[in-house]
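J.:
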Amino acid sequence: MKGRTAPWNVGLMGAFVLALLAAASCGGDDTGPVAGKVGALEVTDAYARGVMDDVAVYFTVKNTGDTDDALVEASAEVAGMATLHETVTEGVNVRMPPVAEIEIPAQEEITLQPGGYHVMLMDLERPLKEGDSIEVRLTFRQAGTATIQVPVVPYAE
Ligand SMILES: [Cu+2]
C-alpha cells in the first residue's frame with residue numbers, strides 16, 4: 216500500500232488556479248462574473264467540475280423580464296451529450312434523474328448548484344482538468360441560446 220494519491224498535481228498550475236479563485240472571490244458582491252446574456256436572462260457564476268467520468272456545470276440565471284422562461288437544452292463541443300439533471304437524495308442514495316426543463320420564472324433567479332440542478336456533460340472528447348475553460352451553449356424556451364465560457368475548478372470535498 217503506497218501513500219495517498221494526491222488528487223491534483225499541485226504545482227504551478229495549482230498555484231495559478233488558486234490565484235484565479237482568490238481573485239474571483241474578491242468581488243465583494245453576491246453576483247459573480249457574468250458568463251453570458253441572452254434576452255432578459257443573465258447567466259453568472261458559471262463553473263464546472265468533474266463528477267466521476269462526467270462533468271457537472273453549475274451557474275445562476277437571473278430573469279430580469281416579465282415572462283417566465285425555462286432552460287430546455289444544453290450542449291458543449293467537448294461533450295458528446297449534455298443532459299439537464301436534478302440531484303435527488305433519498306437516505307444514503309443519490310440519484311440524478313434527467314429533467315425536461317428547469318424553470319426560470321419572471322423576475323426570479325435560479326441557481327444550479329451541487330445537490331440540485333446541473334447540466335451534466337457526458338461522453339467527453341478529452342479529459343478536462345482544472346484551469347480549462349469550456350464553451351457551453353444553453354438554450355432557453357423564450358430567450359434563445361446563450362453561449363457561455365465555463366472555467367473548470369477542482370472538486371471540493
Ligand atoms: Cu448529473
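Quick note on my numbering: the sequence shown kicks off at 216 and runs consecutively. All residues carry an ideal CB built from backbone N, CA and C; glycine is no exception. The structure presented is a predicted model; accordingly, all values stated were derived computationally and were not measured.
1) Is A271 close to ligand 1? I mean its beta-carbon at under 7 Å from any heavy atom of the ligand.
2) What residue does the beta strand (DSSP E) around A361 start on, and which one ends it?
3) Answer with buried or exposed for K277, where buried requires no fewer than 16 other C-beta atoms within 10 angstroms of its C-beta.
4) Look at H333 and V272 and say whether their C-beta atoms are less than 8 Å apart.
5) Closer than 5 Å from C-beta to any heavy atom of ligand 1: which residues, in chain order?
6) Express the C-alpha separation of V270 and A321 in angstroms, rounding to a whole number.
7) State buried or exposed for A315, treating a residue as buried only when at least 16 other CB atoms are found within 10 Å of its CB.
8) Relative to the alpha-carbon of M335, which residue among M311, T360 and V249 has its alpha-carbon at the smallest distance?
9) Please state whether DSSP places D269 in a helix, a strand or coil.
10) Considering only the beta carbon of each residue, do R356 and V287 sit closer than 8 Å?
11) Need the endpoints of the beta strand (DSSP E) that D284 sits in, please.
12) Excluding sequence positions up to five away, which residues of its chain have a Cβ less than 6 Å from the Cβ of M330?
13) Provide the residue span of the beta strand (DSSP E) that contains R352, from first to last.
14) Check V307 in the structure and name its three-state DSSP category.
T.: So, to answer that:
1) yes
2) G359 to P366
3) buried
4) yes
5) H300, M311 and M335
6) 29 Å
7) exposed
8) M311
9) strand
10) yes
11) D284 to A291
12) The question names Met, but residue 330 in the sequence shown is Gly. Only T302 meet the Cβ criterion.
13) S348 to F355
14) coil
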